[in-house]
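Enquirer: In the UniProt record's numbering, the protein residues as written are 1 to 171.
Note that beta-carbon positions come from the ideal geometry of N, C-alpha and C, so glycine has one too.
I'd like to ask you about the structure that follows.
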Amino acid sequence: MAAEYKIDKEGQHAFINFRIQHLGYSWLYGTFKDFDGSFTFDEKNPEADKVNVTINTNSVDTNHAERDKHLRSAEFLNVTKFPQATFTSTSVKKEGDELDITGNLTLNGVTKPVTLEAKLMGQGDDPWGGKRAGFEAEGKIKLKDFNITTDLGPMSQDVELIISVEGVQQK
1 MAAEYKIDKE GQHAFINFRI QHLGYSWLYG TFKDFDGSFT FDEKNPEADK VNVTINTNSV
61 DTNHAERDKH LRSAEFLNVT KFPQATFTST SVKKEGDELD ITGNLTLNGV TKPVTLEAKL
121 MGQGDDPWGG KRAGFEAEGK IKLKDFNITT DLGPMSQDVE LIISVEGVQQ K
């Protein structure tokens with residue numbers, strides 16, 4: 001049976017991380033520290049599942065203040081003009097043990113379809129009398145698809161997304 005879950009950001013059990021190659025020599029990792037969302041999950045009917053997430057783009061953090069300031073500028077995330085990014089699922093398909101979650105990602109004022117490969121990490125009762133479900137997901141976006149045209153070199157055109165969320169079932 002379908003259940004509605006709220007992403008557990010109060011308990012710090014959710015992460016939206018990313019990585020991008022730096023000149024082909026190493027990976028640069030970052031995270032968004034402020035986001036909220038929910039998902040509907042029905043293990044027996046995953047095609048009915050839904051995901052909605054809103055990200056405060058100003059919360060980008062790469063552990064380097066000057067780089068973070070640059071990422072917030074009009075050259076990248078343009079957080080003054082576009083303070084939020086959103087993901088709204090449009091379809092979910094079960095592929096073996098994984099779920100292909102396709103949805104519309106709006107970033108930097110541009111909306112494009114993105115597919116995330118997700119895996120159920122676990123679900124069940126928590127120690128406080130509630131129910132939880134956790135997922136990990138990965139996906140990839142091209143910077144130029146979202147009007148981020150700053151040339152970072154040929155090895156740095158794609159951003160990999162690494163997402164881990166735990167949701168608390170709503171009653």
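Just the C-alpha distance for residue 163 and residue 110, rounded to the nearest angstrom, thanks.
Expert: The alpha-carbon atoms of residue 163 and residue 110 are separated by roughly 21 Å.
Enquirer: For residue 137, count neighbouring C-beta atoms within 10 Å of its own C-beta (all shown protein chains included) and say buried if the count is 16 or more, exposed if not.
Expert: Residue 137 should be labelled buried.
Enquirer: Start and end of the beta strand (DSSP E) containing residue 172?
Expert: Nothing about residue 172 can be reported from this structure: the residues present for the chain run from 1 to 171 only.
Enquirer: Starting from residue 125, trace the beta strand (DSSP E) in both directions and tell me its first and last residue.
Expert: 110-125 is the span of the beta strand (DSSP E), which, as asked, contains residue 125.
Enquirer: Looking at the structure shown, is residue 95 part of a helix, part of a strand, or coil, going by DSSP?
Expert: Three-state result, residue 95: strand.
Enquirer: In whole angstroms, give me the CA-to-CA distance for residue 102 and residue 139.
Expert: Between residue 102 and residue 139, the C-alpha separation is close to 10 Å.
Enquirer: Using alpha carbons as the reference points, say which of 107, 10, 170 lies closest to residue 76.
Expert: The residue with the shortest Cα to Cα distance from residue 76 is 107.
Enquirer: So the candidates are 90, 2, 159, 30; which of them puts its Cα closest to the Cα of residue 65?
Expert: When only C-alpha atoms are compared, the closest one is 30.
Enquirer: Can you have a look at residue 57 and say buried or exposed, based on whether 16 or more other CB atoms are within 10 angstroms of its CB?
Expert: Under this definition residue 57 is a buried residue.
Enquirer: Per DSSP, what kind of secondary structure is residue 136 in: helix, strand or coil?
Expert: Looking at residue 136 - three-state DSSP - the assignment turns out to be strand.
Enquirer: If you measure between the beta carbons of residue 35 and residue 5, is that distance less than 7 Å?
Expert: Cβ atoms of residue 35 and residue 5: not closer than 7 Å.
Enquirer: Identify, in the order they occur along the chain, each residue of the same chain with its Cβ nearer than 6 Å to the Cβ of residue 87, setting aside the five sequence neighbours on each side.
Expert: Same-chain partners within the cutoff: 53, 103, 105.
Enquirer: From which residue to which residue does the alpha helix (DSSP H) around residue 22 run?
Expert: Element bounds for residue 22: not the alpha helix (DSSP H) but the beta strand (DSSP E), 14-22.
Enquirer: Just to check my reading of the structure: residue 14 and residue 159 have Cβ atoms closer than 8 Å, yes? What is that Cβ distance to the nearest angstrom?
Expert: That pair is no contact at about 19 Å.
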